[in-house]
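Here's the structure we're looking at; comments come further down.
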Amino acid sequence: MSLPVSGTAALVLAVLFGFAFGWLLHRGRVASFDTIVNQFRFKDFTVLKVMLTAILVGGIGVLALIDGGMAKYHIKDANILAVALGGGIFGIGMVLYGYCPGTAIAAMGSGSIHAAVGFVGMILGGILYALSYPWLRDNVISVAKWGKMRLPELTGLSDLTLFGILAAVAILAFVAIERSRRTA
């Protein structure tokens, strides 16, 4: 099933949702260099709380769309080595830069020069990845390739059970964070 919006209307909606998303990033303080860096210093858990909430709400929304026949999964191969290396590079970059790609764009929208400089670095990194892709495909991506799989197939647990576990972990994390803030 396709969405009932296409063409110019879809572009206008995409721009409006983009601005709304950027505004929400700013309101949630996750487009702030200090907030992101302090997450990694274990001094400000705003990013963790926002991300866990977004994963839960977004995941349940996607599950509802799939169950309603309005969307379908597009599962990529589980290339364990490539994902581990890519995640490590992304994490190191986020710690050094103080932004992820989405928050960098939001910070640029508010005039951050260092976010713009880092964004140029992201573009250059993307070009470097594209140029080195043949070597990466043969020497990294093909290593520890598990094929197309999802957590339900890997664990034997249903989507709803996994979301229930994640929700419980999120609630426990939120409670622990709030308790530690009160005692600090």
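So the sequence shown is residues -9 to 174, counted in the numbering used here.
C-beta atoms are modelled at their ideal positions from N, C-alpha and C, and glycine is treated no differently.
As the structure is a prediction and not an experimental result, all values here were calculated from the model.
When you compare only the Cα positions, how much space is there between residue i and residue j?
{"i": "Phe190", "j": "Trp13", "result": "No information on residue 190 is available, as it lies outside the stretch -9 to 174 that the chain covers here."}
{"i": "Ile50", "j": "Leu126", "result": "34 Å"}
{"i": "Thr173", "j": "Ile167", "result": "10 Å"}
{"i": "Ala68", "j": "Leu150", "result": "21 Å"}
{"i": "Gly88", "j": "Glu143", "result": "35 Å"}
{"i": "Ile103", "j": "Met41", "result": "25 Å"}
{"i": "Ala158", "j": "His64", "result": "27 Å"}
{"i": "Arg54", "j": "Val5", "result": "In the sequence on display, residue 54 carries Ala and not Arg. Their backbone Cα atoms lie some 24 Å apart in a straight line."}
{"i": "Phe177", "j": "Gly146", "result": "The chain is shown only over -9 to 174; residue 177 falls outside these bounds and no answer can be derived."}
{"i": "Val52", "j": "Leu3", "result": "19 Å"}
{"i": "Val110", "j": "Asn129", "result": "27 Å"}
Check for me: the beta strand (DSSP E) holding residue i runs from which residue to which?
{"i": "Ala68", "result": "Asp67 to Asn69"}
Drop a sphere of 10 angstroms on the beta-carbon of residue i, count the other beta-carbons inside from all chains shown, and report buried for 16 or more, exposed for fewer.
{"i": "Gly78", "result": "exposed"}
{"i": "Thr43", "result": "exposed"}
{"i": "Phe9", "result": "exposed"}
{"i": "Leu15", "result": "buried"}
{"i": "Gly154", "result": "exposed"}
{"i": "Val37", "result": "buried"}
{"i": "Val20", "result": "buried"}
{"i": "Thr(-2)", "result": "exposed"}
{"i": "Ile95", "result": "buried"}
{"i": "Ala74", "result": "exposed"}
{"i": "Gly108", "result": "buried"}
{"i": "Met139", "result": "exposed"}
Name the two residues that bound the continuous alpha helix (DSSP H) containing residue i.
{"i": "Asp34", "result": "Careful: Asp34 lies outside any alpha helix (DSSP H) and carries neither H nor E."}
{"i": "Ala0", "result": "Gly(-3) to Arg17"}
Give the list of continuous alpha helix (DSSP H) stretches no shorter than 4 residues that lie fully inside the segment 112 to 142. Listed in chain order, nothing qualifies, since the segment 112 to 142 has no complete alpha helix (DSSP H) run of 4 or more residues.
With a threshold of 8 Å, are at least 3 pairs of Cβ atoms found where one atom belongs to the segment 20 to 35 and the other to the segment 82 to 90? Output reads yes: the segment 82 to 90 touches the segment 20 to 35.
Any alpha helix (DSSP H) of 4 or more consecutive residues that is wholly inside the segment 141 to 172: Runs found: 141 to 145.
Meets three-Cβ-pair contact criterion under 8 Å: the segment 26 to 45 and the segment 129 to 137: Touching, no.
Decide yes or no for the touch test of the segment 110 to 126 against the segment 46 to 66: beta carbon pairs closer than 8 Å, at least 3 of them. Short answer: they don't touch.
Every unbroken beta strand (DSSP E) inside the segment 42 to 107 [3 residues or more]: Entirely contained in the segment 42 to 107, the beta strand (DSSP E) runs reaching 3 residues are, in chain order, 67 to 69.
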